[in-house]
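Q:
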Amino acid sequence: MSLNISSKILSLPGQRVKQVQHDLALQRLTIHCKRDRRYRAIAPSSNEAANINRYLRRTIRDVPLCGFECYLEVELAQVVTTCGRRLMEACEFVDTGNRYTQRFCQLVSGLCRHMSISTVSRHLKLRWETVKNMDKFHLEKTLPALNPEKLIDLKYLGVDEVARAKGHDYMTVIYDMESGHLIGVETGRKAEVLTAFLKRLPAQTAENIEAVAMDMGPAYQKSVRECLPNADIVFDRFHVMQNYSKAMSNQRRIEFRKADRAGKEQLKGTHYLLLKNADKLNDKQANKLQTLLENNSNINTLYILKEQLQALWSAGNYDAMMNALEQWCDMAEQTNMLYLKKFAKSLRKHSVGICNYGKHGLTSARIEAGNVSIGMIRKRARGIKDTEYFKLKIRQSSMPDEQSMFYGSH
């Protein structure tokens, strides 16, 4: 079946639509074009007019049209450069060497932001590798560069590590904690990685940074102390409470091993009840937890100390937090619980960084939100083997997603 359609509607500069074929069996539209000879041939390397050697026909995948797969059969000029090389001319709607239009590439990348590569592959009937390569190509072309040399007016930074897959290819991510913007994605998680990034900051910017939020790992602390002389290190509440939850879980296992049969029954199914905040429990869970606390003094102590530790961040200022922390550690050390004493020792070791919250009120909420997005990227891709592609996806996840599902300009 043959149809006609205006070339202006299709937005194919340099091409004249000659025929549109509809294949009912394949559910496919093929648009046959001929090069408009009024357009000059432009060499892709120099972006200047070049001599035409001959005309060649190419079939290119385009965005679906009226629910059908759409292909363009276009005529392109092969040009001769000043150095004698023969190349295909530059084309406004398709990048050199590609077999798909720019708008189709943008559509695929928009879908990949919200769907797994496998789902997009099945939906558009493309190979998995083709979808991934198209998404990577579009992100490389369109994402704004992360340039530390141009960063100004930074006050608070946040630093964390993320992995492409469990135990593989760690990345260091850096955020502007005031704006929430991602400002750096670097390969590796050693001190040298963060140091290299911080040394690229303008000197005035580095001097004006007041605090950096991070976990308690030593590598990033070393970099901050070397490169940001005026910055405080702030250990976030999330990481402190996460470490206390681990200490609670370890101590609970000890209590379970030494409990009698009745005690073991009471401890079963209470792991997450102990970790949850009281206002998150339903009536059944609250009653079960209360029974356990009444019958196990060590578990009761752990739970009370958890609530008192959470109140540490309500102290109001640095000195009040430090006093409250010391009192908490004294109480923990008076117990006979090994893991609680080990946690108190660690808390004292990191007390300055924890209590710096009283100076700056800085939390790593933006970092944790970014980590959730990165976790979704890993889940959708079921592990990304291409490290550079993973870095691009991290950068994309921090950008607003307006127009991410649309064709945009072409």
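Position in the sequence shown counted from 1, then plus 35, gives you my numbering. Ideal placement from N, C-alpha and C gives every residue a C-beta, glycine not left out. Because the structure is a prediction, the values reported are computed rather than measured.
Locate the alpha helix (DSSP H) running through T165, then write down its first and last residues.
A: Element bounds for T165: W163 to T177.
Q: Using alpha carbons as the reference points, say which of L59, D354 and V114 lies closest to F103.
A: Nearest option by C-alpha distance: L59.
Q: Quick check: what's the CA-CA separation for L382 versus M366?
A: So the alpha carbons of these two residues sit roughly 13 Å apart.
Q: Can you look up R134 in the DSSP assignment and give me helix, strand or coil?
A: Correct three-state label for R134: coil.
Q: Could you check whether the Cβ of R120 sits closer than 8 Å to any Cβ belonging to chain C?
A: Protein chain content of the structure displayed is limited to a single chain, and chain C is not contained in it.
Q: Excluding five sequence neighbours on each side, which residues of the same chain lie with their C-beta closer than 7 Å to the C-beta of H173?
A: Only C140, Q141 and S144 meet the Cβ criterion.
Q: Report the residue from K293, I44, L192 and G298 whose alpha carbon sits nearest the alpha carbon of V516.
A: No answer is possible for residue 516: it lies beyond the span of the chain, which begins at 36 and ends at 445.
Q: What's the C-alpha gap between R272 and A346?
A: Roughly 10 Å separates the two Cα atoms.
Q: Between which two residues does the beta strand (DSSP E) harbouring H385 extend?
A: Where H385 is concerned, there is no enclosing beta strand (DSSP E), given that its DSSP letter is neither H nor E.
Q: With a cut-off of 8 Å on the beta carbons, I'd call N133 and V114 a contact; round off their distance for me.
A: The pair is not a contact, with the Cβ atoms about 17 Å apart (cut-off 8 Å).
Q: Taking M251 as part of the beta strand (DSSP E), name the residues at either end of that continuous run.
A: Premise fails: M251 is in no beta strand (DSSP E) and is neither H nor E.
Q: For E342 and I412, I'd like the C-alpha separation in whole angstroms.
A: In a straight line, the C-alpha of E342 is about 34 Å away from that of I412.
Q: Exposed or buried, what is K428 when buried is set at 16 or more other beta-carbons lying within 10 Å of its beta-carbon?
A: It counts as buried.
Q: Rounded to whole angstroms, what is the Cα-Cα separation between M169 and Y205?
A: Taking the straight line from one Cα to the other gives about 24 Å.
Q: Using 8 Å as the threshold, is the stretch 249-256 in touch with the stretch 226-235, meaning 3 or more CB pairs across them?
A: With a cut-off of 8 Å, the stretch 226-235 and the stretch 249-256 count as touching, because enough Cβ pairs lie within range.
Q: From A297 to N331, what distance separates their C-alpha atoms?
A: C-alpha separation (whole angstroms): 11 Å.
Q: Cβ atoms of G49 and E108: under 8 Å apart, would you say?
A: Result no, Cβ atoms of E108 and G49 do not sit closer than 8 Å.
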